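Notes follow once the structure below has been shown.
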Amino acid sequence: VPLEETSLPLFFGWFLLPGIQDKVRCTSMDFLKTLDTLEAFKKHLPDFTVEAEKEVDLEQYFQANGALHCTTKFCDYGKAEGAKEYADKSAVKELYGSAFELSLSALFVTPRTVGARVSLSEDQLTLWPADAEKEAVPLVPAAATLPAGSRAHITLGCAEGVEAKQTGFDLLEILALQQEGQEGELVEEMELGSLAYYGKGRWLLSLREPVSAQACFSSLYG
Ligand code: 2AM
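Using the working numbering, the first residue of the sequence shown is number -15, and each one after it goes up by one.
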């Protein structure tokens, strides 16, 4: 493999600092622990899993994977479309290694993934690739009309056999429904915020207090 191809990382993104990773993991665990005990969740269980189960232990159902981060650009060591252009962006070069405060505004759960929505600031959007939402259009057509940054998320866990990149598609699906005017069925006011159901096993918890997460903009070679 020529050096030129290996000099690009697997992906660029914001990597949460260790202390806040623990806090986010705990918040996510608490949420999952509560969600699967709710009557509303049990009622919609057939939408959540096709298996004829009566109960699901969500903490077991999702597998955590690696250090918590919010991917900006998946480069696949240069093989991904637009990887080189992204790495060459002046904002990427200037801000590489800098600290940021990410705002985690919601948690979401689907039969495939659990994640946190990241609401990007204007500054942070300078690091967001222009085609991030468009890339999702084959799977989520309405993503074409969602604002830049809509896909920004932190993957907190994936069901068996599901790839992490699915988390962003799951988030876009929920945001597309909201954009169409579907508020979701308000299920419960929880301590963390309000929980709404969007059908097909999709749950969104809008956090009362967004979680502010310190993160470093960097890359992973993996
Ligand atoms: P994620 O951002 O949803 O967690 C390494 O695989 C990282 O790159 C993961 O964090 C993963 O998903 C992200 N990733 C993998 N393939 C991707 C793709 N095609 N587009 C965007 N992100 C991808």
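Where a beta carbon is used, it is the ideal one built from N, C-alpha and C, also for glycine.
Source: prediction; values computed, not measured.
Cα separation between residue i and residue j?
i      : j      : result
Ala116 : Tyr61  : 17 angstroms
Thr129 : Leu161 : 12 angstroms
Leu29  : Lys118 : 32 angstroms
Phe153 : Arg135 : 7 angstroms
Glu172 : Arg192 : 13 angstroms
Ala180 : Gln166 : 11 angstroms
Val102 : Thr21  : 26 angstroms
Glu144 : Glu35  : 14 angstroms
Ala126 : Leu104 : 20 angstroms
Ile4   : Gly141 : 17 angstroms
Just grab the DSSP bridge partners of residue i for me.
i       : result
Gln108  : Answer is none; Gln108 lacks a bridge partner.
Tyr181  : Glu169 and Trp187
Glu85   : Gln198
Gly(-3) : Thr55 and Ser202
Leu91   : Ala100 and Leu189
Phe46   : Ala143
Taking the alpha carbon of residue i as the reference point, which residue from the options has its own alpha carbon closest?
i      : options                           : result
Thr151 : Glu164, Leu161, Gly145 and His137 : His137
Asp14  : Glu193, Glu175, Cys200 and Leu88  : Glu175
Thr110 : Leu130, Gly50, Leu189 and Lys57   : Lys57
Gln108 : Lys77, Leu86, Val8 and Gln5       : Leu86
Phe46  : Ser12, Lys27, Ala71 and Thr21     : Ser12
Lys184 : Gly3, Gly165, Gln198 and Thr94    : Thr94
Pro194 : Ser134, Thr18 and Val8            : Val8
Ser202 : Ser196, Gly145 and Ala75          : Ala75
Leu42  : Tyr205, Gly99 and Gly168          : Gly99
Glu164 : Gly177, Tyr182 and Leu170         : Tyr182
Output yes if chain C places a C-beta closer than 8 angstroms to the C-beta of residue i; else output no.
i     : result
Tyr70 : Absent from the structure: chain C. Only one protein chain is present.
(message) Between the segment 63 to 80 and the segment 156 to 166, can you find at least three pairs of beta-carbon atoms closer than 8 angstroms?
(response) no
(message) Please give me, in chain order, every unbroken run of the beta strand (DSSP E) with length at least 3 that falls completely inside the segment 129 to 163.
(response) 137 to 143
(message) Does the segment 89 to 106 come into contact with the segment 177 to 197, if we say contact requires no fewer than three beta-carbon pairs (one atom in each stretch) closer than 8 angstroms?
(response) yes
(request) Enumerate, from N- to C-terminal direction, the unbroken alpha helix (DSSP H) stretches of 4 or more residues contained entirely within the segment -1 to 33. (result) 2 to 19, 23 to 27 and 29 to 32
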